[in-house]
Amino acid sequence: MTLRPEITEVASVEPVQLYDFTQKVLFSPAQRGEGFIKLSVTTGKKGAKSTAHSHPRDEVTLTLKGEAILRAGGEKYHMTEGTAVRLPPGLDHTVEVISDEWVVVAAYCDECTLCRGPEGFLKP
Numbered sequence: 001m002t003l004r005p006e007i008t009e010v011a012s013v014e015p016v017q018l019y020d021f022t023q024k025v026l027f028s029p030a031q032r033g034e035g036f037i038k039l040s041v042t043t044g045k046k047g048a049k050s051t052a053h054s055h056p057r058d059e060v061t062l063t064l065k066g067e068a069i070l071r072a073g074g075e076k077y078h079m080t081e082g083t084a085v086r087l088p089p090g091l092d093h094t095v096e097v098i099s100d101e102w103v104v105v106a107a108y109c110d111e112c113t114l115c116r117g118p119e120g121f122l123k124p
């Protein structure tokens, strides 16, 4: 078996709805049937909000454009272009866009077998 890089162009990926945002999933364990990290580019317009949620493993993000407020652990964090964030497993958080548009790259593990186990259920 020859190992090769997998290349995906953001422009070629169809967006899906996620809360008030659109998300382009570039790599996904659920889509590929293997692998451990989901990588996505998410875009929201001013006023877009997520509901409170958490992830079973770390989530890391990098804001590429715009501004948003992250609420986590009873605190507010202002995310601007170039802000990188690491959210530990199980931390409930929400995001609200405060600029005309916010674009963020996120990598997290919600679909992989490390998080879900072979039967597809979340591990405690």
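Heads up: the sequence shown runs through residues 1 to 124, numbered per this note's numbering.
Glycine included, every Cβ here is placed at the ideal spot set by N, Cα and C.
> In the structure shown, what three-state DSSP assignment does Val13 receive?
Replying inline: Residue state, collapsed to three classes: coil.
> Any idea which residues DSSP pairs Ser54 with across the strands?
Replying inline: For Ser54, which the question treats as bridged, DSSP gives no partner whatsoever.
> Tell me which same chain residues have a C-beta within less than 6 Å of the C-beta of Asp100, skipping the five on either side of it?
Replying inline: Lys46
> How do the region 23-31 and the region 64-83 stand: do at least 3 beta-carbon pairs fall below 8 Å, yes or no?
Replying inline: no
>> Cutting at 7 Å between CB atoms, please list the residues of its own chain near Arg4, excluding the five before and the five after it.
In response: none
> For Ser40, is the classification buried or exposed, using 16 other Cβ atoms within 10 angstroms of its Cβ as the cut-off for buried?
Replying inline: buried
> Roughly how many angstroms lie between the CA atoms of Thr125 and Thr2, to the nearest whole one?
Replying inline: No answer is possible for residue 125: it lies beyond the span of the chain, which begins at 1 and ends at 124.
> Mapping DSSP to helix, strand and coil, what is Arg71?
Replying inline: strand
> So which of Phe21, Asp92, Ala106 has the shortest CA-CA distance to Thr63?
Replying inline: Ala106
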